[in-house]
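In UniProt numbering, the protein residues as written are 1 to 80.
A virtual CB, placed ideally from N, CA and C, is assigned to each residue, including glycine.
Quick caveat, the model's predicted, so the values are computed rather than measured.
So, in C-alpha coordinates, the structure goes:
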(Lines of atoms letter the chains of each structure in order from A and count residues from 1; the text may use other names and numbers.)
(Lines give C-alpha, C1' and ligand atoms only; values in the text may rest on other atoms or scores of the structure.)
Protein backbone atom coordinates (compact mmCIF):
# COMPACT_ATOMS: atom_id res chain seq x y z
CA UNK A 1 0.00 0.00 0.00
CA UNK A 2 1.32 3.44 -0.91
CA UNK A 3 2.24 5.73 1.93
CA UNK A 4 0.62 9.11 2.39
CA UNK A 5 3.89 10.81 1.39
CA UNK A 6 4.19 8.85 -1.85
CA UNK A 7 0.54 9.53 -2.68
CA UNK A 8 0.94 13.26 -2.03
CA UNK A 9 4.15 13.37 -4.06
CA UNK A 10 2.45 11.63 -6.99
CA UNK A 11 -0.52 14.02 -6.82
CA UNK A 12 1.74 17.09 -6.78
CA UNK A 13 3.86 15.73 -9.66
CA UNK A 14 0.75 15.04 -11.72
CA UNK A 15 -0.89 18.40 -10.99
CA UNK A 16 2.31 20.37 -11.63
CA UNK A 17 3.10 18.57 -14.88
CA UNK A 18 -0.42 19.31 -16.19
CA UNK A 19 -0.23 22.96 -15.08
CA UNK A 20 3.47 23.69 -15.54
CA UNK A 21 2.72 26.79 -17.63
CA UNK A 22 0.98 28.33 -14.59
CA UNK A 23 4.12 27.99 -12.48
CA UNK A 24 5.03 26.63 -9.08
CA UNK A 25 3.09 29.23 -7.13
CA UNK A 26 -0.17 28.05 -8.72
CA UNK A 27 0.57 24.49 -7.62
CA UNK A 28 1.65 25.55 -4.13
CA UNK A 29 -1.51 27.61 -3.59
CA UNK A 30 -3.68 24.74 -4.83
CA UNK A 31 -2.25 22.28 -2.30
CA UNK A 32 -1.98 24.84 0.52
CA UNK A 33 -5.77 25.06 0.26
CA UNK A 34 -5.68 21.40 1.35
CA UNK A 35 -3.50 22.44 4.31
CA UNK A 36 -0.29 20.88 2.99
CA UNK A 37 2.74 22.80 4.38
CA UNK A 38 4.46 25.14 1.95
CA UNK A 39 7.92 23.73 2.68
CA UNK A 40 6.70 20.22 1.89
CA UNK A 41 5.34 21.39 -1.45
CA UNK A 42 8.53 23.19 -2.43
CA UNK A 43 10.56 20.12 -1.41
CA UNK A 44 8.39 17.97 -3.69
CA UNK A 45 8.73 20.48 -6.55
CA UNK A 46 12.51 20.51 -6.05
CA UNK A 47 12.48 16.72 -6.43
CA UNK A 48 10.46 17.15 -9.64
CA UNK A 49 12.98 19.69 -10.99
CA UNK A 50 15.86 17.30 -10.16
CA UNK A 51 14.10 14.50 -12.09
CA UNK A 52 13.62 12.25 -9.06
CA UNK A 53 10.76 9.74 -9.21
CA UNK A 54 7.60 10.39 -7.20
CA UNK A 55 8.01 7.17 -5.24
CA UNK A 56 10.78 6.71 -2.70
CA UNK A 57 13.46 4.28 -3.73
CA UNK A 58 13.82 1.40 -1.24
CA UNK A 59 17.24 0.83 0.25
CA UNK A 60 18.35 4.44 0.06
CA UNK A 61 19.33 4.54 3.74
CA UNK A 62 22.45 3.31 5.44
CA UNK A 63 23.11 -0.02 7.08
CA UNK A 64 21.80 -0.52 10.59
CA UNK A 65 24.39 -3.12 11.65
CA UNK A 66 26.33 -2.50 14.87
CA UNK A 67 30.04 -1.95 14.48
CA UNK A 68 32.55 -3.94 16.48
CA UNK A 69 35.27 -1.94 18.27
CA UNK A 70 37.79 -2.86 15.56
CA UNK A 71 35.43 -1.65 12.80
CA UNK A 72 34.63 1.67 14.46
CA UNK A 73 38.24 2.89 14.28
CA UNK A 74 38.29 3.99 17.92
CA UNK A 75 40.86 2.57 20.27
CA UNK A 76 39.96 2.02 23.92
CA UNK A 77 42.45 4.70 24.95
CA UNK A 78 40.70 7.38 22.87
CA UNK A 79 37.28 6.45 24.29
CA UNK A 80 38.34 7.01 27.91
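Original post:
DSSP three-state call for residue 71: helix, strand or coil?
Top reply: helix
**OP:** Reducing DSSP to helix, strand and coil, say where residue 10 ends up.
**Re:** helix
**OP:** Over the uninterrupted alpha helix (DSSP H) stretch that includes residue 20, give me the two end residues.
**Re:** The continuous stretches of alpha helix (DSSP H) do not include residue 20, and DSSP gives it neither H nor E.
Original post:
Should residue 28 and residue 8 be called a contact, given that it needs their Cβ atoms to be closer than 9 Å?
Top reply: no
Original post:
Any idea what DSSP makes of residue 66, helix, strand or coil?
Top reply: coil
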